[in-house]
Amino acid sequence: MARPLPPGVSQRDFSEALTQFAAAVGKEWVFSSDDDVDLYRDAYSPFWNEAEERIPSAAVAPDRVEQVQQIVRIAGKYRIPLWTISTGKNLGYGGSAPNITGSVVLDLKRMNRILEVNEKNHYALVEPGVSYFDLYRHIQEKGLKLWIDPPDPGWGSLIGNALERGGGYTPMRDHFDAHCGMEIVLASGEVVRTGMGALANARTWQQYKYGFGPYLDGIFSQSNFGIVTKMGFWLYPQPEAYFSGTVMVPKHDDIHALVDTLALLLNAGVVQGTTSVLNTASFGPPDPELARIRVGSSTSDLERYMAQKGLGYWTVDLPFYGPAKVIAAQWEHAKEKFSTIPGVQFRDGASYRFPLSQAELEKIPNPVPLGIPSLTTFAIGGPFSQGHMWFSPIIPMTGDAVIEATRVFEQVYKDLGNPTGALPGLPIWSFFARAFVIIYFFPIEHDVEKNRRNREIFKRLVKVAADHGWGEYRTHTAFMDDIASVYSYNNRALWRLHETIKDALDPNGILAPGKNGVWPRRLRRTNA
Amino acid sequence: MKLTLPLTIVLVSMTLPVFAQDSTSAGAPAVYEKWCTPCHGGGEGKPGTISAAALYKGAKPAVLAERTDLTTDGIKTAVRKGMFIMPRFRKTEVTDADLQTIVVYLTRRR
Chain R
49 MARPLPPGVS QRDFSEALTQ FAAAVGKEWV FSSDDDVDLY RDAYSPFWNE
99 AEERIPSAAV APDRVEQVQQ IVRIAGKYRI PLWTISTGKN LGYGGSAPNI
149 TGSVVLDLKR MNRILEVNEK NHYALVEPGV SYFDLYRHIQ EKGLKLWIDP
199 PDPGWGSLIG NALERGGGYT PMRDHFDAHC GMEIVLASGE VVRTGMGALA
249 NARTWQQYKY GFGPYLDGIF SQSNFGIVTK MGFWLYPQPE AYFSGTVMVP
299 KHDDIHALVD TLALLLNAGV VQGTTSVLNT ASFGPPDPEL ARIRVGSSTS
349 DLERYMAQKG LGYWTVDLPF YGPAKVIAAQ WEHAKEKFST IPGVQFRDGA
399 SYRFPLSQAE LEKIPNPVPL GIPSLTTFAI GGPFSQGHMW FSPIIPMTGD
449 AVIEATRVFE QVYKDLGNPT GALPGLPIWS FFARAFVIIY FFPIEHDVEK
499 NRRNREIFKR LVKVAADHGW GEYRTHTAFM DDIASVYSYN NRALWRLHET
549 IKDALDPNGI LAPGKNGVWP RRLRRTNA
Chain E
0 MKLTLPLTIV LVSMTLPVFA QDSTSAGAPA VYEKWCTPCH GGGEGKPGTI
50 SAAALYKGAK PAVLAERTDL TTDGIKTAVR KGMFIMPRFR KTEVTDADLQ
100 TIVVYLTRRR
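As C-alpha cells, then:
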C-alpha cells in the first residue's frame with residue numbers, strides 16, 4: 049500500500065525530516081520502506097483489512113536521550129506527529145501502531161539500558177526499552193535478592209506499562225505507584241527530571257518520590273505531554289515464601305460478605321497481592337449438566353449443584369508473600385474473618401519457598417504472580433487465536449457492584465444479539481487498591497464483520513458503563529476518544545484542563561496527538 | 000498449610016540462577032532464548048508450543064527447537080509477518096542479523 053504522509057505535511061518536508069532523523073540516529077535506524085514500516089502495524093488491530101486501520105508513515109529509533117531531543121526538535125520544525133513506544137508490546141491496547149495515520153513511530157526499544165539496580169534500597173533505574181524479561185534476567189545473573197512485578201505480558205516495558213498504569217500481582221502490583229523519579233524530554237527538546245532528580249547532584253532520585261514543589265509525574269502517564277526516557281522503580285525484596293489460600297462460599301448472596309471481608313483484608317494489608325473473585329460455575333472443565341442448569345434453572349438450583357460438587361458459588365484465591373510464619377498467621381486471620389459466612393470452605397493452594405529451582409519453575413503453569421515474567425497469557429484465546437483487545441472498567445469493591453456490573457454488561461451482549469451473553473462471570477480483579485477491575489476479553493479476528501460487531505459491542509459497553517458511573521482505566525487506541533468523552537463531569541473540565549496543559553507544553557501538537565483523547569489545538573476541531 | 004520443601008532442593012536452588020522457564024533449548028543462541036523460548040520452549044504455559052501441539056497433533060514436535068522441517072523463508076515470514084497470536088517483530092527487536100542467527104539455529108537439523 050502507499051505509505052501515508054503525516055497529516056498536513058508535504059512530501060518534501062516529510063522527506064527532509066527523514067533525512068534529518070537519519071543524521072541524528074543513523075540511517076539504518078530510520079525506517080520508511082513498506083516492509084519495515086509494516087512491522088509497526090497493530091498485530092491485533094480491530095480494523096484488520098479495513099481502511100480505518102491506523103498506519104504509520106515511518107519509524108525512527110534513537111539510542112540515547114540526546115537523539116530523542118534532536119528528533120522532537122526536527123518533528124516540531126515540520127509538525128510531524130510522533131507516536132512513542134517503549135517496547136511496542138502493548139498488545140491488546142494497540143501494540144506499536146499509532147493513534148492517527150501518518151504518525152512517525154518513535155521507537156525507544158534500543159534505549160534498553162539497566163542503569164542501576166540497588167539491592168539494599170530495593171530499586172532500579174531503567175530506560176524505556178528494558179523489558180520485564182530483561183530486568184528479571186539481569187537480577188538473576190547478578191544473584192540479587194530482588195523481585196520485579198511483571199504484568200501478564202513479560203516482554204512489555206517497565207516504563208511503558210507503568211506509564212499506561214498497568215498492574216501485576218505481587219505487593220508492588222500498581223506499577224505507576226511503584227515508580228520513583230522520571231526523566232522526560234519535552235516537546236521543546238528540553239530534558240526535565242522529576243522528584244529528587246531535579247537536584248543537580250541528586251542522591252535520592254529513586255528513594256523519595258516527591259522532591260520539592262508540585263508533583264508532576266502523574267501528568268506524564270497515559271498522556272502526550274512528554275517522552276519519558278528514564279524511570280525509577282521500587283522493587284520487592286525477595287520474600288521467603290508464597291502461599292495461596294482458596295475461599296469458597298456456597299450462596300449467590302454470599303458475594304456481599306465475601307467482598308466486604310476481602311476489602312477489609314486488602315485495605316488492612318493482610319492480603320497484599322492481586323486477588324480475583326470468580327463465579328465458580330464459569331470455570332473448570334466442560335460440564336453438560338452444569339451448562340443445562342445455568343441456562344434454564346434457578347440460582348438455588350445452581351447453588352445446590354455446586355454444593356454437590358464440593359465447590360462454592362463464589363471463589364476467591366488469596367495470595368500471601370513474605371516470611372513463612374507471617375504468611376501462616378495471615379491465612380489463619382483471613383480464615384477467621386471469612387468464617388462468619390455460613391458454609392464457607394477453605395483450601396490450601398500452592399506454596400513455595402524462594403529461590404525456586406529450575407525444576408520447580410518448569411512445573412509452574414503461570415509464574416507471573418511469583419515475580420517471574422512469562423508470555424502464558426497469550427494462550428488465552430485458544431491455540432488458533434489471532435489477537436485480542438480488552439474492555440477494562442473499574443467498579444466499586446462491593447458485592448452489589450459485582451452483581452450489577454455482571455448483569456448490566458451481559459445485557460449489552462444480549463441486546464446486541466449475542467444470546468450467550470458476555471464471557472459470563474469473568475474474574476473480578478483487584479489489580480489496584482480499593483476498587484475492582486473487570487477485564488473483558490474481545491477476540492480480534494481476520495474477519496471484518498466480526499471485528500465491526502465487536503467494536504459496536506465495545507462502544508456500547510463504554511456508554512452503558514458510564515451511565516452506571518463506571519469508567520475504563522485504559523483502552524485500545526481505537527477507543528480513546530470514546531472513553532475520554534464519558535469522563536465529562538462539568539462540561540469536560542478535566543479534559544479541557546488536559547488541553548490547556550497540552551497546548552502549553554506542546555504548541556506544535558507533535559507528541560502523540562489524540563492519545564487518551566487529548567488533542568492539540570491544531571487537530572482538536574476535527575477530531576475531538 | 001504446607002510451606003516446606005526438601006532441604007536439598009532449597010540448597011541446590013540457591014546455587015543455580017533461574018533464567019528461563021525451560022531447559023529444552025539449552026545451547027540455543029542468546030537471541031533465540033530471549034525472543035523465541037518464552038513462547039516456543041518446553042514446560043508449562045508456552046503459547047506457541049500449545050498452538051503447535053493443537054495444530055500438528057503430534058505429527059511434528061510442538062517445541063520449535065526440536066523441529067527438523069523448518070525453512071529459512073518460513074522462519075523469516077513468521078518473524079516479520081506474524082502468525083496466529085504471534086505478532087510481527089520489528090528490527091529494533093530482532094535485527095536482520097539476529098534473524099539470520101535464529102534461522103541457522105532452527106535449520107541446523109535439516
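Those protein sequences? They're chains R and E, same order as listed. Using this note's numbering, you'd call the opening residue of the first sequence number 49 and step up by one each time. Using this note's numbering, you'd call the opening residue of the second sequence number 0 and step up by one each time. Ideal Cβ placement from N, Cα and C applies to all residues, glycine included. All values reported here derive from a predicted model rather than from experimental measurement.
Query	Result
Chain E contact residues for Tyr88/R, given Cβ-Cβ distances below 7 angstroms	Arg89
Identified DSSP bridge partners for Ile442/R	Val485/R and Gly519/R
Status (buried if at least 16 other CB within 10 Å, exposed otherwise) for Pro333/R	exposed
Rounded C-alpha distance that separates Asn538/R from Phe480/R	26 angstroms
Bounding residues of the beta strand (DSSP E) (the contiguous stretch that carries Gln393/R)	Gln393 to Arg401
Local Cβ density within 10 Å of Thr322/R, reported as buried at 16 or more and exposed below that	buried
8 angstroms Cβ shell around Val460/R - same chain, five flanking residues per side excluded	Ala470, Ile505, Arg508, Leu509 and Val512
Same chain only: Cβ atoms within 8 angstroms of Val588/R, ignoring 5 sequence neighbours per side	Beyond the ends of chain R as shown, which are 49 and 576, falls residue 588/R; an answer cannot be given.
Of the residues Pro371/R, Asn169/R and Ser348/R, the one placed nearest Gly360/R, counting alpha carbons only	Ser348/R
Simplified DSSP state of Pro336/R, which is helix, strand or coil	helix
C-beta atoms of Ile103/R and Arg89/R nearer than 8 angstroms	yes
Pro390/R versus Ser330/R, Met296/R and Pro415/R, residue with shortest Cα-Cα distance	Met296/R
Ranges of the alpha helix (DSSP H) found wholly within the segment 278-323 of chain R, counting only runs of at least 4	303-315
CB contact below 8 angstroms: Leu423/R versus chain E	yes
Where Ala266/R falls, given that 16 or more other Cβ within 10 Å makes a residue buried	The sequence as given places Gly at residue 266/R; Ala does not occur at that position. With fewer than 16 Cβ atoms within 10 Å of its Cβ, Gly266/R is classed as exposed.
Residues that Ala27/E contacts on chain R, provided the C-beta gap is smaller than 7 angstroms	What Ala27/E touches in chain R: nothing, since even the nearest Cβ is about 14 angstroms away.
Chain E contacts made by the segment 153-168 of chain R, where a contact means CB separation under 7 angstroms	Asp155, Lys157 and Arg158
Neighbour list for Gln434/R in chain E, Cβ cutoff strictly below 8 angstroms	Phe83 and Ile84
Euclidean distance between Cα positions of Val102/E and Ser269/R	39 angstroms
Three-state secondary structure assigned by DSSP to Ile531/R	helix
Cβ pair count under 8 angstroms reaching 3, the segment 236-243 of chain R against the segment 204-213 of chain R	no
9 angstroms Cβ cut-off: residues of chain R touching Leu54/E	Pro431 and Phe432
Touch test, the segment 179-191 of chain R against the segment 247-265 of chain R, Cβ-Cβ under 8 angstroms, three pairs minimum	no
Which of helix, strand or coil DSSP assigns to His186/R	helix
Candidates Thr94/E, Thr36/E and Pro60/E: closest to Gly202/R by CA position	Thr36/E
Outcome for His39/E when other beta-carbon atoms lying within 10 angstroms are tallied against a minimum of 16	buried
Ile420/R versus Pro198/R: straight-line alpha-carbon distance, rounded	7 angstroms
Per-residue contacts from Asp334/R into chain E (C-beta, under 8 angstroms)	Residue identity check: residue 334/R is Pro in the sequence provided, not Asp. Ordered by position in chain E, no residue passes the 8 angstroms Cβ test against Pro334/R, which lies about 16 angstroms from the chain.
Enclosing alpha helix (DSSP H) for Ile207/R [first to last residue]	Leu206 to Leu211
Closest Cα partner of Phe221/R within the set Met445/R, Phe281/R, Val120/R and His494/R	Note that residue 221/R corresponds to Arg in the displayed sequence, not to Phe. For the residues Met445/R, Phe281/R, Val120/R and His494/R, the minimum Cα distance to Arg221/R belongs to Phe281/R.
Chain R within 8 angstroms of Pro46/E, Cβ atoms only	yes
Validate contact between the segment 484-494 of chain R and the segment 438-451 of chain R using beta carbons, cut 8 angstroms, 3 pairs	yes
Rounded Cβ spacing between Leu326/R and Trp362/R (contact assumed at less than 8 angstroms)	7 angstroms
Close Cβ partners of Ala483/R (< 6 angstroms) along its chain, the five nearest in sequence each way excluded	Ile442 and Met445
Inter-residue spacing [alpha-carbon to alpha-carbon] between Gln20/E and Pro46/E	Low confidence applies to Gln20/E: its pLDDT is 47, below 50, so where it sits in the model is not reliable enough to give any reading.
CB contact flag (Phe273/R, Asp61/R, <8 angstroms)	no
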